[in-house]
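A.B. asks:
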Amino acid sequence: MSLPEFDFHAPGTVEEACRMVAGFGAKAKIFAGGTDLMLDMRRNRISPEHVISIPGIEELKTLEIASGMLTIGACVTVARVVKSKEIAAKWGALCAGAKALGSCLVRNLATIGGNVVSARPAADIPPSLMAYGASLVLKKTSGERVVSINDFFTGTGSTAMGPDEILTRILVPEPPPHSGAGYVNLGIRNACDINILNVSSYIALDGPGGAIKDARIVMGCVAPTHVRVNSAEKLLIGEKPTDALFQRAGEAALNAATPRGSAYSRASAEYKKDMVKELTVRTLAMAYREAMGR
Amino acid sequence: MGEISMGKFDVINSRAVRVDASDKVRGRALYVDDMKMAGMLYGALLQSPLAHAEILNIDTTAAQRLPGVKSIITHKDAGLVKFGVSPARYDETIFCHDKVRHVGDNIAAVAATDLDTALRAVSLIKVDYRELPAVFTVEEAMAEGAPVLHAAFPRNITAEVQDEFGDVEAAFKQCDLIKTTSLVNKRQDAAFIEPQGCIASYDFSGNLTLYSSTQSPHYIQRVVSMVLGIPMGKVRVVKPYVGGGFGPKAATNHMELAACLLSMKTGKPVKMNFDRQQVFMHGRSRHQFFHHMTTGVKKDGTIMALKHDCYLNGGAYASFGIATVYYAGSLLGGPYKLPAMKYHGYRVYTNLPACGAQRGHGGVIARGCWEQQLDMIAQELGIDPIEMRLRNMMSAGDVTCNYLDMSSLGMKECVEAVRDRSGWKEKKGNLPPGKGIGMSCGFFVSGAGYPIYRSDTFHGTVIIKLTEDGGTALVYTASAEIGQGSDTTFAMIAAEAMGIPLECVRLESGDTDFGVDLGAYSSRQTLMTGLATKEAGEDIKRQVLEVLSEELHVPVEDMDIKKGFIVFKGEKPDITALRTRYIKEHRGWSDNPAMDEELSFREASRMAFLSRGSIVGKGKYKPPILGGQHKGAAVGTSPAYGCSAQVVELSVDEGTGKINIEKMTDAHDCGLAINRTSVEGQMYGSLSMGLGEALFEEVKFDDKGRVINDDLAEYKITRALDMPAIEPIIVESNEPNGPFGAKEVGEGAIMPAIPAILNAVADAIGVRIFELPLKPERVYMAIKEYKMKKEKEKGIEGKTLAGSSQKQA
Amino acid sequence: MKKLIRVTVNDMEYEVAVKPNQTLVDMLRYDLGLTGTKNGCGEGDCGACTVILDGTPVSSCLVLAVQADGRAITTIEGVEGKDGLHPLQKAFIEKGAVQCGFCTPGMVLSAKSLLDENPGPSEEEIREGISGNLCRCTGYLQIIDAVKSVSK
Ligand code: FES
Ligand code: FES
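Protein sequence lines correspond, in order, to chains A, B and C. Numbering of the first sequence is given in the working numbering, commencing with residue 35 and proceeding in unit increments. Numbering of the second sequence is given in the working numbering, commencing with residue 3 and proceeding in unit increments. Numbering of the third sequence is given in the working numbering, commencing with residue 390 and proceeding in unit increments.
(1) Would residue 222 (chain A) count as contacting chain B if we go by Cβ distances under 8 Å?
(2) Using the beta-carbon count (16 or more within 10 Å), is residue 535 (chain B) buried or exposed?
(3) Taking the alpha helix (DSSP H) that residue 284 (chain B) falls in, what are its first and last residues?
(4) Within its chain, find whatever has a CB closer than 7 Å to the CB of residue 692 (chain B); leave out the 5 residues flanking it on each side and keep chain order.
(5) Buried or exposed, going by whether 16 or more other CB atoms sit within 10 Å of the CB of residue 278 (chain A)?
(6) Any beta-carbon of chain C closer than 8 Å to the one on residue 241 (chain B)?
(7) Grab me the residues of residue 324 (chain A)'s own chain with a C-beta within less than 6 Å of its C-beta, minus the 5 sequence neighbours each way, in chain order.
(8) Cα separation between residue 446 (chain B) and residue 106 (chain B)?
(9) On the DSSP bridge list, what partners appear for residue 644 (chain B)?
(10) Helix, strand or coil for residue 440 (chain B) per DSSP?
(11) Can you tell me which of the three DSSP states residue 174 (chain A) falls into?
(12) Residue 388 (chain B): buried (16+ other C-beta within 10 angstroms of its C-beta) or exposed?
(13) Residues in its own chain within less than 6 Å of residue 401 (chain B) by CB, not counting five upstream and five downstream?
(14) In whole angstroms, what is the alpha-carbon distance linking residue 530 (chain C) and residue 690 (chain B)?
(15) Determine whether the Cβ of residue 76 (chain A) lies closer than 8 Å to any Cβ atom of chain C.
(16) With a threshold of 8 Å between beta carbons, is residue 166 (chain A) in contact with chain B?
(17) Suppose only complete runs of 3+ residues qualify. What are the beta strand (DSSP E) ranges in the region 60 to 106 of chain A, listed by chain order?
(18) Does residue 448 (chain C) come out as helix, strand or coil in the three-state DSSP assignment?
(19) Which residues mark the beginning and the end of the beta strand (DSSP E) in which residue 291 (chain B) is found?
(20) Does the separation of the CB atoms of residue 2 (chain B) and residue 190 (chain B) fall below 8 Å?
(21) Return the first residue and the last residue of the alpha helix (DSSP H) that residue 341 (chain B) is part of.
(22) Less than 7 Å between the CB of residue 430 (chain C) and some heavy atom of ligand 1, yes or no?
(23) Confirm the yes/no value for this check: CB of residue 535 (chain C), any heavy atom of ligand 1, distance under 7 Å.
(24) Among the residues of its own chain, which have a CB less than 6 Å from the CB of residue 771 (chain B), if the five just before and after it don't count?
(25) In chain A, what lies closer than 8 Å to residue 698 (chain B) by C-beta?
(26) Please report how far the alpha carbon of residue 593 (chain B) lies from the alpha carbon of residue 604 (chain B), in whole angstroms.
(27) What does residue 142 (chain A) reach in chain C if we use C-beta pairs closer than 8 Å?
(28) Given 8 Å as the limit, is there contact between the region 163 to 176 of chain B and the region 264 to 272 of chain B, that is, 3 or more CB pairs closer than that?
(29) Short of 7 Å in beta carbon distance, which residues of its chain neighbour residue 257 (chain B), apart from the five on each side in sequence? Order them along the chain.
(30) So does residue 558 (chain B) have its beta carbon nearer than 7 Å to some heavy atom of ligand 2?
(31) CA-CA distance, residue 807 (chain B) and residue 794 (chain B)?
(32) CB residue 417 (chain C) to CB residue 449 (chain C), shorter than 8 Å?
(33) Does the beta carbon of residue 456 (chain C) sit closer than 8 Å to a beta carbon anywhere in chain B?
(34) Determine, using beta carbons only, whether residue 412 (chain C) comes closer than 8 Å to chain B.
(35) Just to check, is the beta-carbon of residue 225 (chain B) closer than 7 Å to a non-hydrogen atom of ligand 2?
(36) Using beta carbons (cut-off 8 Å, strictly below), is residue 714 (chain B) in contact with chain C?
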């Protein structure tokens with residue numbers, strides 16, 4: 035199989051890219067890391083008339099931590115996030131998600147932005163971003179807007195991003211003291227695998243040994259998009275963290291999950307539900323361990 | 003046994019560097035898609051999108067009109083000569099004419115100036131279909147009134163095998179324990195990293211050369227000749243380097259035939275390649291097997307009888323399937339003493355890509371089923387599973403109930419080695435919950451008694467020619483180096499047989515012009531091509547010594563060649579005249595021997611050339627008549643059998659069902675190891691494939707018969723991160739029927755992997771699983787069910803006691 | 390329409406006219422004749438097409454040839470130095486890390502970039518470093534062994 039024919043564009047700036055996106059509309063596809071796009075084109079799932087390649091735009095490759103905010107340019111590769119000691123220290127769950135994404139060869143091309151925008155429920159980057167309360171900067175010719183990642187995914191493969199918009203940066207606030215997060219993905223093989231399921235949890239404690247004052251639990255592959263588990267979060271807030279509490283949160287997550295198990299999906303609904311619980315409990319324990327140490 | 007043979011040989015039984023490694027690490031080794039020819043066209047196939055449909059019309063007009071298109075062929079051009087693997091089941095044609103039988107079935111091919119044009123032309127061919135009901139499972143295919151794929155095969159049965167050796171029912175009557183279990187696997191893909199590809203080049207003298215990524219140039223040559231009606235002498239099949247085969251590349255594919263025909267039509271070389279999706283659509287890898295076995299034993303663990311039923315989901319064509327269904331039964335004849343065995347096997351057509359042969363042909367899942375069952379029996383009898391296996395073990399000289407002759411068998415040594423090296427005795431029964439240890443034995447042929455077509459032909463012929471300067475021996479064999487290291491093996495055998503260093507041997511292989519060789523399948527080459535090579539080498543040595551004898555007046559028996567020099571057993575003759583003559587011949591050369599040096603092979607063979615012209619040594623091999631007169635006796639009988647044993651240690655994450663294999667200790671009896679590094683390479687590779695099959699691999703289909711996971715992301719083979727530590731142990735029996743005592747390792751080594759894992763998982767979680775692969779979900783569900791069952795049992799007990807108090811509450 | 394790009398491959402400058410939908414692996418193999426880079430899947434799953442692009446190993450089937458414009462590439466043909474084989478290549482030969490050899494170029498390049506960045510990797514890091522390269526023949530252990538033998 036070969037790739038469909040298209041015109042290739044490599045804008046030098048975000049502004050130029052925005053103009054192209056606005057001009058071509060639905061006929062264009064953005065090439066960030068290409069790891070998804072190339073497959074979709076090869077398999078004839080899409081055949082864009084225009085491919086707009088953005089990994090050459092410097093502005094989209096910033097990776098910085100300043101005044102309590104981690105800014106990740108959309109075209110920062112997953113490999114760069116894996117290698118960043120600062121991210122590993124403060125945003126461990128994000129780092130775990132990045133490490134879990136594909137093989138090292140894929141990570142060298144795949145971008146953080148691409149993993150978010152492609153909006154696949156098995157994606158490794160969105161769960162922890164949601165758990166950390168990240169927001170996304172979307173830009174078009176007329177200006178930019180910031181949306182919470184919680185409101186970004188509208189369905190499998192679809193997002194709140196307009197056809198004339200480009201994701202430029204991801205803003206991840208620094209987690210407060212006495213908080214922690216965890217990410218676990220479950221595949222068939224030891225690593226480099228496509229997920230059967232993934233869960234990320236975040237909790238913030240009211241001081242060392244205190245009650246939970248904030249919690250976010252995100253699960254993937256149990257619905258068309260990554261989803262927050264409000265029931266489990268509510269149940270945690272105001273309580274002292276214990277194993278039993280985490281079990282109850284896991285139970286709540288299990289009840290909230292509505293996976294569509296079919297012969298063709300990677301696992302049955304029953305298994306996925308049980309795993310939502312298991313991974314919720316595990317990630318909460320990870321989050322708690324981290325919160326106690328910080 | 004062990005390493006006692008070390009030191010007896012000068013070249014073999016060592017750790018040699020592969021003859022092809024230097025090119026391969028540089029990216030210099032040429033695979034078929036690396037080749038390019040002047041004026042070469044590119045071909046593409048039109049393959050069916052439907053699983054079962056009548057072809058009403060094929061319209062190529064639009065495609066014909068596309069600029070750059072040079073030829074379009076359909077059944078009208080290709081004819082309807084049937085081919086396949088086994089002549090008894092030739093059921094394929096190059097292109098379908100009346101109907102398609104699976105998604106990916108072949109309808110037409112295009113040759114064009116470039117690949118994009120060829121692909122575009124393929125998309126412009128219009129085919130009208132009438133969809134037919136399709137069958138995808140064994141049950142559907144064998145059901146009363148089910149649609150039939152091939153009219154000649156009612157109920158879609160490709161082949162049915164019924165065998166009984168000894169009296170199974172009578173034996174069962176003497177048994178203390180009779181156990182019945184089953185095992186089902188999923189269809190596999192061999193997942194070689196190089197997809198099939200070929201270049202066909204037809205010249206204007208009527209000669210056809212086909213370069214192909216194949217395991218058997220000879221079989222391809224025969225089929226091409228037969229189907230296209232060209233004399234075999236005008237068909238040359240050449241195998242460049244091949245990026246792995248593992249079975250599916252052992253049979254002719256439609257692309258090879260289409261490329262030949264396109265080249266004949268256009269008078270230009272035509273290149274064609276499968277992409278990864280087409281590799282899956284072509285299939286021909288391991289079948290899905292449904293095994294059902296009943297074994298009877300005595301209290302002390304003595305195995306008395308095995309009753310075995312098996313159904314194979316075979317896909318749309320027979321391919322290797324007849325052999326597969328026979329092997330699935332016959333390979334259980336060893337390595338245990340088994341007085342009675344009854345087998346009933348069905349190989350069934352379905353509307354899926356055809357299955358064929360894959361590493362461990364036919365025997366892998368059968369072995370998995372039986373070795374798990376033997377473990378369960380041992381457990382029930384309270385006998386250590388290794389102890390039970392040792393009690394039943396055959397040894398060299400034994401013949402199985404189905405006439406397999408154990409001419410050598412280091413099985414006991416293998417079992418003891420893995421037992422001792424793995425620390426089995428300390429570990430078995432003493433591991434914490436979630437950790438498990440398991441073992442299994444394995445057993446496989448070293449080639450079959452007959453070619454896949456019945457014939458008295460030689461299975462391998464080898465020619466060695468000395469270069470006129472005497473310094474180099476050119477070995478010509480049509481055998482197939484596909485990665486396993488056979489070129490190096492035969493170069494080593496040739497060197498050893500001639501008595502010269504490996505560096506003096508240059509080997510060319512994989513070309514039907516070099517002779518007959520059935521190719522790389524059935525683990526046959528080391529033994530069969532090896533024997534032919536050895537014979538050719540000895541022939542050379544004899545001829546050189548004969549000339550020397552004439553020159554020096556020393557009887558041939560009193561001389562030998564070793565490490566490239568002539569050895570005189572008695573008194574050293576005067577070689578001055580001979581050497582002077584040699585040096586005169588090489589005036590100006592800087593490497594002429596000094597007068598006091600030993601007489602070299604180079605000098606001797608130069609003399610031989612001067613006296614006789616080309617010195618050519620010939621070797622050939624065909625197996626003797628092997629045991630068994632029953633139908634199908636040819637599938638399973640072999641000149642020699644390799645065997646293996648394995649211990650697997652693993653842990654199971656009970657929360658998710660995920661298995662982590664921690665260590666494999668593996669012993670294999672390959673007879674004398676020609677190249678130890680390669681033997682270990684085959685062991686590692688087999689284990690990694692077995693691990694993948696046990697834990698991850700399955701080809702999945704949707705309800706239209708399309709492969710869902712036709713890529714190497716969703717078809718999951720073992721990656722570097724999944725491999726455990728492996729301790730390989732080479733056990734060397736001395737195989738009387740093999741070259742220098744050698745026999746197989748390439749396939750037998752995969753045999754114990756799956757059952758050893760099954761047994762270790764059961765040891766870890768306390769419950770048996772009878773379906774593969776052992777993906778986390780399957781393991782987790784098994785644990786969950788087991789726990790629920792146990793709780794229920796407890797609950798019932800609990801209720802009777804606590805019933806009244808509950809009422810009060 | 391073809392576009393003229395300028396790319397440095399194994400320290401040689403090339404000008405190549407490429408179609409927008411042409412992949413880097415195809416350009417290397419068919420336009421430049423550097424067939425040491427293999428195509429095993431074309432979909433980023435096997436690593437046979439690994440090349441080092443501006444210092445980073447990538448699957449060249451996932452990169453468009455036009456995107457290589459102005460960049461530097463090392464393929465397997467460029468690994469051998471003036472003094473002969475790279476130590477990794479020697480180790481692959483000696484340790485039996487090569488069977489069919491189809492994965493070998495990609496493996497060598499992945500291993501090379503790993504060692505370039507981290508000359509003393511742990512076994513886990515080695516496994517991680519070649520995790521994108523599938524090998525169906527060797528079971529990886531002899532490859533891991535080869536990489537280990539040349540790490541510091
Ligand atoms: S060919 Fe590029 S990853 Fe397989
Ligand atoms: S050596 Fe064959 S795929 Fe690695």
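Even for Gly, the Cβ is constructed at its ideal location relative to N, Cα and C. Small disclaimer: the values here were computed from a predicted structure and weren't measured.
C.D. replies: Judging by the given coordinates:
(1) Chain B, which has a Cβ nearer than 8 Å to the Cβ of residue 222 (chain A), makes this yes.
(2) So residue 535 (chain B) counts as buried.
(3) Per DSSP, residue 284 (chain B) is one residue of the alpha helix (DSSP H) stretching across 278 to 284.
(4) Hits under 7 Å: 752, 755 and 756.
(5) Of the residues assessed, residue 278 (chain A) falls on the exposed side of the cut-off, its CB having fewer than 16 other CB atoms within 10 angstroms.
(6) Not one chain C Cβ lies under 8 Å of residue 241 (chain B).
(7) If we look at residue 324 (chain A) and ignore the five residues flanking it on each side, its Cβ neighbours are 214.
(8) Between the alpha carbons of residue 446 (chain B) and residue 106 (chain B) lies a gap of roughly 33 Å.
(9) Beta-bridge pairing links residue 644 (chain B) to B:446.
(10) In this structure, residue 440 (chain B) counts as strand in the three-state DSSP scheme.
(11) Looking at residue 174 (chain A) - three-state DSSP - the assignment turns out to be strand.
(12) Buried: at least 16 other Cβ atoms inside 10 Å.
(13) Correct list, in chain order: 407.
(14) About 10 Å.
(15) Under the 8 Å criterion on CB atoms, residue 76 (chain A) is classed as interfacial with respect to chain C.
(16) Residue 166 (chain A) does not count as touching chain B.
(17) Fully enclosed beta strand (DSSP E) runs of 3 or longer: 62 to 65, 84 to 87 and 97 to 100.
(18) DSSP places residue 448 (chain C) in strand when its eight states are reduced to three.
(19) That run of the beta strand (DSSP E) goes 290 to 299.
(20) With chain B covering only 3 through 811, there is no way to say anything about residue 2 (chain B).
(21) Looking at the DSSP string, residue 341 (chain B) is not in any alpha helix (DSSP H), and its letter there is neither H nor E.
(22) True, at least one ligand heavy atom lies under 7 Å from that Cβ.
(23) For ligand 1, not one heavy atom lies less than 7 Å from the Cβ of residue 535 (chain C).
(24) Taken in chain order, the residues that qualify are 784.
(25) Neighbours of residue 698 (chain B) on chain A, chain order: 222 and 223.
(26) In a straight line, the C-alpha of residue 593 (chain B) is about 12 Å away from that of residue 604 (chain B).
(27) Chain C residues near residue 142 (chain A): 445, 446 and 447.
(28) In this structure the region 163 to 176 of chain B does not touch the region 264 to 272 of chain B; the number of beta carbon pairs closer than 8 Å is below three.
(29) The beta carbon of residue 257 (chain B) sits closer than 7 Å to those of 47, 198, 200, 274 and 276, all from its chain and outside the five residues before and after it, given in chain order.
(30) Checking every heavy atom of ligand 2 against the Cβ of residue 558 (chain B), none is found closer than 7 Å.
(31) Low confidence applies here, because residue 807 (chain B) scores a pLDDT of 41, under 50, leaving its location unreliable and the question unanswered by this model.
(32) Their beta carbons are under 8 Å apart, which means residue 417 (chain C) touches residue 449 (chain C) by this criterion.
(33) For residue 456 (chain C), the answer is no, since every Cβ of chain B falls outside 8 Å of its Cβ.
(34) By this cut-off, residue 412 (chain C) is not an interface position.
(35) Flag unset: Cβ of residue 225 (chain B) not near ligand 2.
(36) With 8 Å as the cut-off, residue 714 (chain B) counts as an interface residue toward chain C.
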